[in-house]
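Structure record follows, encoded as structure tokens.
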Amino acid sequence: MSRKPAYLRIAESLRNRIEARELEPGDKLPPERVLVDQFGVARMTVRHALDILQLEGIIERKRGRSGGTFVRALPPVVDLNGPVGLAAQLEAHGVRIRTELLFDANVDAPQAVKAAFGVDAESETDEPAFAVLKQDRLHYADDVPAFSEVLYVRPGREAHYATSGLAFTPATRPAATTLREDLVAPGVATEKERERLGLAANTPLQRVTRKLYERDVVVAYSSIVIRPDVAQLRAITRFD
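Reminder that position 32 of the sequence shown reads as 20 in the working numbering, one-by-one numbering, no gaps.
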């Protein structure tokens, strides 16, 4: 197995110290020259590691006499399987959430959505377009663009599923819903996401691809993109 690049190992080491509270929010990290000596690497390697932590929202850099690299407060942890939705969990941490509905109309389903809904695109080339409801939402956290959410709903299910996934909970789900599947993966912001969320190039993001089922039929498909400095995702399963 290949060894991790030095900058990733340095970033991981500093991240672990922050998560273990060895470095508290507001604490100043050692100067670059100290980190260079500590890890035995070039200054550019240290800067690359710090760039990663800054993109993750874990540290911030300040200029001037009182400048330096400082630890930021870690974003709140939200539970994908929690009894209340993601928005309500953030509000419980004192974060103000508001939402803009940017698009709400029927569109020809993209290939990924057709695949999720079990539509064979090749067999339908001579058939009318597979039209589905698309809703595009931008969620703000304390007036900062934080979540981008795109939802597609299977035809005939709009009355039950045309709503934001940030409010979804087991208690508020439609009665016919039997399963929710979340695929969580890190990613890099696309050009459209960078523009919408006000991010720099190569900013890492958390992506949740969600499917809602009625038995074995996918009735809603959504993609939720989350800034890493807004929330940390976790999933807890309780065994009664």
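Don't be surprised by glycine CBs; every beta carbon is placed ideally from N, CA and C.
With a cut-off of 8 Å on Cβ pairs, the stretch 76 to 92 is in contact with the stretch 124 to 133, counting three or more such pairs. Contact between Gly14 and Val59 holds, with the beta-carbon distance rounding to 7 Å and staying under 8 Å. In this structure, Phe135 lies near His127, with their beta-carbon atoms less than 8 Å apart.
The beta carbons of Phe105 and Tyr201 sit no closer together than 8 Å. Apart from the 5 residues on each side of it in sequence, Asn69 sits with its Cβ closer than 6 Å to the Cβ of Ala223 and Ile224 in its chain, given in chain order. A straight line joining the alpha-carbon of Ala61 with that of Gln194 spans about 18 Å. Only exposed fits Gln99, as fewer than 16 other CB atoms lie within 10 angstroms of its CB.
Taking all protein chains shown into account, Thr191 has 16 or more neighbouring C-beta atoms within 10 Å of its C-beta and is therefore buried. Annotation: the continuous beta strand (DSSP E) that includes Thr197 extends over Pro192 to Glu202. Here the alpha carbon of Thr165 sits roughly 13 Å from the alpha carbon of Ala147. Counting along the chain, Asn94 sits inside the beta strand (DSSP E) bounded by residues Ile85 to Asp96. Counting only runs of at least 4 residues, the stretch 53 to 83 fully encloses the following alpha helix (DSSP H) elements, listed from N- to C-terminal order: 74 to 80. Under the 10 Å beta carbon count, Lys122 is surrounded by 16 or more other beta carbons and is classified as buried. Put simply, the backbone Cα of Glu12 is about 29 Å away from that of Arg(-9). Pairwise C-beta distances place the stretch -8 to 8 in contact with the stretch 40 to 48, as three or more of them are shorter than 8 Å. Around the Cβ of Gln26, a 10 Å sphere holds fewer than 16 other Cβ atoms; the residue is exposed. Bridge partners of Tyr(-5) according to DSSP: none are assigned.
Ala188 sits exposed, since fewer than 16 C-beta atoms from the chains shown fall within 10 Å of its C-beta. Residue state for Gly144 is assigned as coil, using DSSP reduced to three classes. In this structure, DSSP gives Gly45 a state outside helix and strand, which the three-state scheme calls coil. Going by DSSP, Asp25 is part of the alpha helix (DSSP H) stretching over Glu20 to Phe27. In this structure, Val138 sits away from Val120, with a CB-CB distance that is not shorter than 8 Å. By the neighbour-count definition (other C-beta atoms within 10 Å, threshold 16), Gly175 is an exposed residue.
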